[in-house]
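Participant: Please read through the structure below; I'll follow up with questions.
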Amino acid sequence: MLIPLRRFRWVVLPGILLTSFGLCEWMSYEYPSANFYLLPTRAWELLIGSVLSMIPCRRARPALGYLGLAMILGAIIFFGRFTRFPSVWALLPCLGAAFVIYGRPRLLALRPLPQIGLISYSLYLWHWPLIVLLRGLPELLMLPLTFGLAYLSWRWIETPLRRAAWPARRVFASAAVSVIAVVASAAQVAALPSQVYQASVNLSIFVGMSPAPSPVFHLPEGAVWLDLGTRYGKPATQSIDFVVWGDSHADAVASVCSRLATEQGLTGVLATQAGSAPLIDCWCADPSIDGPNAQRRWANTVAKLIVEYQVKHVILVVRWDNKLDGALCDEQTFVNSPADSGRVVREKLKQMTEALGIAIWLVPQAPRLDPRLDGGFHPGTEINGITRAEYRGQQATILSLPEIAGVNAIAPGDWWPDERSITEHDGQCLYLDDDHVNEAGAELLMRPLLAPIIRRIAEDKLQSEPSE
Numbered sequence: 000m001l002i003p004l005r006r007f008r009w010v011v012l013p014g015i016l017l018t019s020f021g022l023c024e025w026m027s028y029e030y031p032s033a034n035f036y037l038l039p040t041r042a043w044e045l046l047i048g049s050v051l052s053m054i055p056c057r058r059a060r061p062a063l064g065y066l067g068l069a070m071i072l073g074a075i076i077f078f079g080r081f082t083r084f085p086s087v088w089a090l091l092p093c094l095g096a097a098f099v100i101y102g103r104p105r106l107l108a109l110r111p112l113p114q115i116g117l118i119s120y121s122l123y124l125w126h127w128p129l130i131v132l133l134r135g136l137p138e139l140l141m142l143p144l145t146f147g148l149a150y151l152s153w154r155w156i157e158t159p160l161r162r163a164a165w166p167a168r169r170v171f172a173s174a175a176v177s178v179i180a181v182v183a184s185a186a187q188v189a190a191l192p193s194q195v196y197q198a199s200v201n202l203s204i205f206v207g208m209s210p211a212p213s214p215v216f217h218l219p220e221g222a223v224w225l226d227l228g229t230r231y232g233k234p235a236t237q238s239i240d241f242v243v244w245g246d247s248h249a250d251a252v253a254s255v256c257s258r259l260a261t262e263q264g265l266t267g268v269l270a271t272q273a274g275s276a277p278l279i280d281c282w283c284a285d286p287s288i289d290g291p292n293a294q295r296r297w298a299n300t301v302a303k304l305i306v307e308y309q310v311k312h313v314i315l316v317v318r319w320d321n322k323l324d325g326a327l328c329d330e331q332t333f334v335n336s337p338a339d340s341g342r343v344v345r346e347k348l349k350q351m352t353e354a355l356g357i358a359i360w361l362v363p364q365a366p367r368l369d370p371r372l373d374g375g376f377h378p379g380t381e382i383n384g385i386t387r388a389e390y391r392g393q394q395a396t397i398l399s400l401p402e403i404a405g406v407n408a409i410a411p412g413d414w415w416p417d418e419r420s421i422t423e424h425d426g427q428c429l430y431l432d433d434d435h436v437n438e439a440g441a442e443l444l445m446r447p448l449l450a451p452i453i454r455r456i457a458e459d460k461l462q463s464e465p466s467e
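In this text, residue positions in the sequence shown follow numbering that gives the first Met the number 0: the first is 0, and each later residue adds one.
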């Protein structure tokens, strides 16, 4: 595509590079996950090499190469979970790599580094499938396996193909067929979610969940009625008694909350956004979820719903341990630390009770199991609980939260029938992965915590209703 513009490459390539870099920095605040995967926001990293190829280098500049190595090493040491990446911070390793290529330090000529360079592309192709498929395999076994497979594929696949004499027509034809196949597959996959969602809506209507009459409440995207389980509205004369606000852990207890609301004759709304904290004016510094601006907009939307419909009770169900380990921050946060996250949650809870006029119920997180179970369970997986001491360590910040007016902190459940927390009942597993409970787990582990809250809300509603 750029070949016809090669005469203007000094304008075109830097222009595309700067445009891509600016888009990348903006997306790092808005949609970090898409920013990581999409080509337009990552193209600038590749174009650094393209621009570098246009700069003449008649002799090596080792000092510049060693500076590049130091930059790459600095990124390895100092970048962590909370680093916005890719973003302006990606300049450190990317420019470092460019300096290494331009400087050609002799250090990189020492064996076995050139040999590793030869199989580097095969290493790149093999490492992630192995990490996904062999999750939990010790690093001491994963590393030699990765290198072994990389060498074999380099020796018997990559090298023969590279040395083969391929006619230009066959190369372009193969590339075109491959691109068409990839695009067609991607289009089919992209269409699936909307097809599945439409099928679920049709099924809901078929079984009798017809749209409610107008006028209706219009819930924001990401919020559902607990007793209907759909996005359809309800008559405007009916109030919202409580909101369950949280992340995927709130989704995990939605069915239990729905049954409890029905038992007590209450109307509840479930408002969830995966990964984010149910607090206003703050965000989670986690590149795998929507960025700070998107998180704050969602929180403001839920807060608007609470105010507009005069909701008096808000139940927060969230994975606290990975919010309060330093991820949760606000405009005043300069260092991502548990202390900073603790300050943020205290200030925002107080702000919410005062600004929204609500009673907040903090529901403790169920015990988090071995992190290696994060990908889910395979048949025969041994699932062990954790001790009370381990749980207190996981949840130290939220368990030590001081008393705040209007905030009701619920004590952890009776999850320790013996030394370790319960993970199954009557032979049935209670977890989906290392931290999410399944339907049975929600009923057995979380219902005893949620039921008293819902009953209290029902009692408050009864007391506030005018007597006849």
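Ideal Cβ positions, reconstructed from N, Cα and C, are used throughout, including at glycine. Note that the structure is a prediction, hence the values are computed from the model and not measured.
(1) Compare the beta carbon distance of A358 and N407 with 8 Å and say whether it is the shorter of the two.
(2) Per DSSP, what kind of secondary structure is W319 in: helix, strand or coil?
(3) In angstroms with no decimal places, state the Cα-to-Cα distance between G475 and L132.
(4) Please classify K303 as buried or exposed, where buried requires at least 16 other C-beta atoms within 10 Å of its C-beta.
(5) Take the Cβ of N292 as the centre, count every other Cβ of all protein chains shown within 10 Å, and call the residue buried at 16 or more, exposed below.
(6) In three-state DSSP terms, what is N299?
(7) Comparing alpha-carbon positions, which option in I47, F20, M26 and A33 lies nearest R8?
(8) With a threshold of 8 Å, are at least 3 pairs of Cβ atoms found where one atom belongs to the segment 260 to 269 and the other to the segment 434 to 444?
(9) For V313 and L448, which I take to be in contact (beta-carbon distance under 8 Å), what is that distance rounded to the nearest angstrom?
(10) Quick one, are the C-beta atoms of L327 and C281 less than 8 Å apart?
(11) Please state the DSSP three-state secondary structure of H424.
(12) If we ignore side chains and look at the alpha-carbon of each, how far apart do I456 and D339 end up?
(13) What does a CB cutoff of less than 6 Å around A475 pick up in its chain, not counting 5 residues either side in sequence?
(14) Less than 7 Å separating the Cβ of P401 from some heavy atom of the ligand MG?
(15) Pull up the distance between the alpha-carbon of I385 and that of S420, whole angstroms please.
(16) Kindly indicate which residue of T266, G245 and I75 has the alpha-carbon position closest to the one of W224.
(17) Consult DSSP for I456 and reduce its assignment to one of helix, strand or coil.
(18) Using three-state DSSP, classify Y430 as helix, strand or coil.
(19) Quick one: using the 10 Å Cβ neighbour count with 16 as the cut-off for buried, is R168 buried or exposed?
(20) Can you tell me which of the three DSSP states G274 falls into?
(21) Mark N34 as exposed unless 16 or more other C-beta atoms lie within 10 angstroms of its C-beta, in which case mark it buried.
(22) By the DSSP assignment, the beta strand (DSSP E) with W88 in it spans what residues?
(23) If you check the beta carbons only, do G245 and L315 fall under 8 Å apart?
Facilitator: According to the data block:
(1) Position 359 of the sequence shown, counted from the start, is the residue given in the question as residue 358. Position 408 of the sequence shown, counted from the start, is the residue given in the question as residue 407. In contact: A358 and N407 (Cβ atoms closer than 8 Å).
(2) Translated into the one-based positions of the sequence shown, residue 319 becomes position 320. Coil.
(3) The structure shown has nothing for residue 475, since the chain only spans 0 to 467.
(4) For the purposes of this step, residue 303 is taken as the residue at position 304 of the sequence shown. It counts as exposed.
(5) Within the sequence shown, the letter at position 293 stands for residue 292. The residue is exposed, with fewer than 16 neighbouring Cβ atoms inside 10 Å.
(6) Working through the sequence shown from its first residue, we reach residue 299 at position 300. DSSP places N299 in the helix class (H, G or I) of the three-state scheme.
(7) Numbered from its first residue, the sequence shown carries residue 8 at position 9. The shortest C-alpha separation from R8 is found at I47.
(8) no
(9) Working through the sequence shown from its first residue, we reach residue 313 at position 314. Working through the sequence shown from its first residue, we reach residue 448 at position 449. About 15 Å separates the two Cβ atoms, so there is no contact after all.
(10) One-based indexing of the sequence shown puts residue 327 at position 328. One-based indexing of the sequence shown puts residue 281 at position 282. Contact: yes.
(11) As a first step, residue 424 is located in the sequence shown; it is residue number 425 there, counting from the start. Here H424 sits in strand by DSSP.
(12) Against the sequence shown, residue 456 aligns to sequence position 457. Against the sequence shown, residue 339 aligns to sequence position 340. Spanning the two alpha carbons is a distance of roughly 32 Å.
(13) Residue 475 falls outside the range modelled here, since the chain spans only 0 to 467, and no answer is possible.
(14) Although the ligand MG was asked about, the structure shown includes no ligands whatsoever.
(15) Position 386 of the sequence shown holds residue 385. Position 421 of the sequence shown holds residue 420. Each residue's alpha carbon lies about 5 Å from the other.
(16) Within the sequence shown, residue 224 is the residue found at index 225, counting from 1. The shortest Cα separation from W224 among T266, G245 and I75 belongs to T266.
(17) Taking the first residue of the sequence shown as 1, we reach residue 456 at position 457. In this structure, I456 counts as helix in the three-state DSSP scheme.
(18) Within the sequence shown, numbered from 1, the residue matching residue 430 stands at position 431. Note: Y430 maps to strand in three-state DSSP.
(19) For the purposes of this step, residue 168 is identified with residue 169 of the sequence shown, where counting begins at 1. With fewer than 16 other Cβ atoms within 10 Å, it is exposed.
(20) Position 275 of the sequence shown, counted from the start, is the residue given in the question as residue 274. Three-state result, G274: coil.
(21) Locating residue 34 in the sequence shown gives position 35, where the first residue counts as 1. Classification for N34: buried.
(22) Numbered from 1 along the sequence shown, position 89 holds the residue referred to as residue 88. First-last for W88: undefined, no H or E at that position.
(23) Within the sequence shown, numbered from 1, the residue matching residue 245 stands at position 246. Within the sequence shown, numbered from 1, the residue matching residue 315 stands at position 316. In this structure, L315 lies closer than 8 Å to G245 by Cβ.
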